[in-house]
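**Q** Going by the UniProt record's numbering, the letters in the sequence shown line up with residues 1 to 185, in that order.
This is the structure, below, for whatever I ask next.
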Amino acid sequence: MSIASIIRERRSIHEFNDKPVDRSLVLRLLNDAVWAPNHGLREPWRFIYAEGEGKSKLVNGLMTILDKTKLKDATDEQKQKFLNHLNNVPAYLIVVMPEDPRPAIWEEDLEAVSCLIQNLQLLGWEEGIGMLWHTGDYIYNKKFRELAGVNPGEKIVGVLRLGYFDEAPKARQRTSAEELFTVLN
Ligand SMILES: Cc1cc2nc3c(=O)[nH]c(=O)nc-3n(C[C@H](O)[C@H](O)[C@H](O)COP(=O)(O)O)c2cc1C
């Protein structure tokens, strides 16, 4: 597969199958993904991986938070469905960066981590592993951060859901670059 076709064919995956993800494969993918560009070679990232018991604790903690926020008006049945959905995710990878007080450095670091995450998504896709880069108010929640082992002064850039899948969603068209292209004469 060419890089172009992997970029075009990768989709965010919401529904995963039961095939377990090998942690050593995730580490191998990460060891390639860390070749992302990053200014000053600061390598502004750290990874927190949750599977098995750790995943259950994370999901249960997240549900407690969502119970009071996003799911506060949900029925018990809806909450149970959502809990099952979160538990069906084979593994979670939380990607964090240090929050440098200098805005320019902070921005560069966020940009570098975003490059790393996209590298990882593409590398995963090549291996048949789908991902969903997830964010939301909960990534700023003190309890969630503590539960995930995120240190003060670190920012969660993404909570990646990852696993094998049976079907990829249909692509939604992108705007052609020609439409967004200005040439300065
Ligand atoms: C920074 C970032 C945050 C995202 N957060 C979410 C999210 O919280 N929930 C979600 O369903 N998708 C999230 N996504 C995935 C996008 O919704 C998805 O990439 C977009 O719909 C295009 O679909 P595709 O990835 O299949 O091409 C996020 C993507 C990025 C880059």
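Backbone N, C-alpha and C fix where the C-beta goes; we use that ideal spot for every residue, glycine too.
Taking 8 Å as the threshold (beta carbon to beta carbon), is residue 53 in contact with chain C?
**A** Given the protein chain composition of this structure (a single chain), no chain C is represented.
**Q** Using only CA atoms, which one of 60, 116, 125 lies nearest to residue 96?
**A** Checked all of 60, 116, 125; the closest Cα to residue 96 is 116.
**Q** Looking only at its chain, what residues have a beta carbon closer than 7 Å to the beta carbon of residue 161, apart from the 5 residues adjacent to it on each side?
**A** So the list reads 89, 92, 131, 132, 134, once near-sequence residues are dropped.
**Q** With a CB to CB cut of under 7 Å and the five nearest residues on each side skipped, what residues in its chain are close to residue 10?
**A** Only 121, 122, 125 meet the Cβ criterion.
**Q** Which class does residue 14 belong to by DSSP, given the choice of helix, strand or coil?
**A** Reduced to three states, the DSSP call for residue 14 is coil.
**Q** Between which residues of its own chain and residue 158 is the CB-CB distance below 7 Å, once the five residues before and five after are set aside?
**A** Same-chain partners within the cutoff: 95, 117, 133, 134, 135.
**Q** Work out the CA separation of residue 87 and residue 60 for me, nearest whole Å.
**A** Taking the straight line joining both Cα atoms gives about 9 Å.
**Q** In the DSSP assignment, what residue or residues form a beta bridge with residue 98?
**A** Partner(s): 154.
**Q** Got a sec, what are the start and stop residues for the beta strand (DSSP E) residue 47 sits in?
**A** Residues 46-50.
**Q** Pick out whichever of 69, 44, 32, 85 has its Cα sitting closest to the Cα of residue 55.
**A** Ranking 69, 44, 32, 85 by Cα distance to residue 55 puts 85 first.
**Q** Looking at C-beta atoms only, is the number of pairs between the region 69-77 and the region 28-48 that lie closer than 8 Å three or more?
**A** Segments in contact, no.
**Q** If you measure from the CB of residue 46, is any heavy atom of ligand 1 nearer than 7 Å?
**A** Flag unset: Cβ of residue 46 not near ligand 1.
**Q** Look at the alpha carbon of residue 83 and the alpha carbon of residue 178, and state the distance between them as a whole number of angstroms.
**A** Taking the straight line joining both Cα atoms gives about 43 Å.
**Q** Name the DSSP bridge partner or partners of residue 159?
**A** Partner(s): 94, 134.
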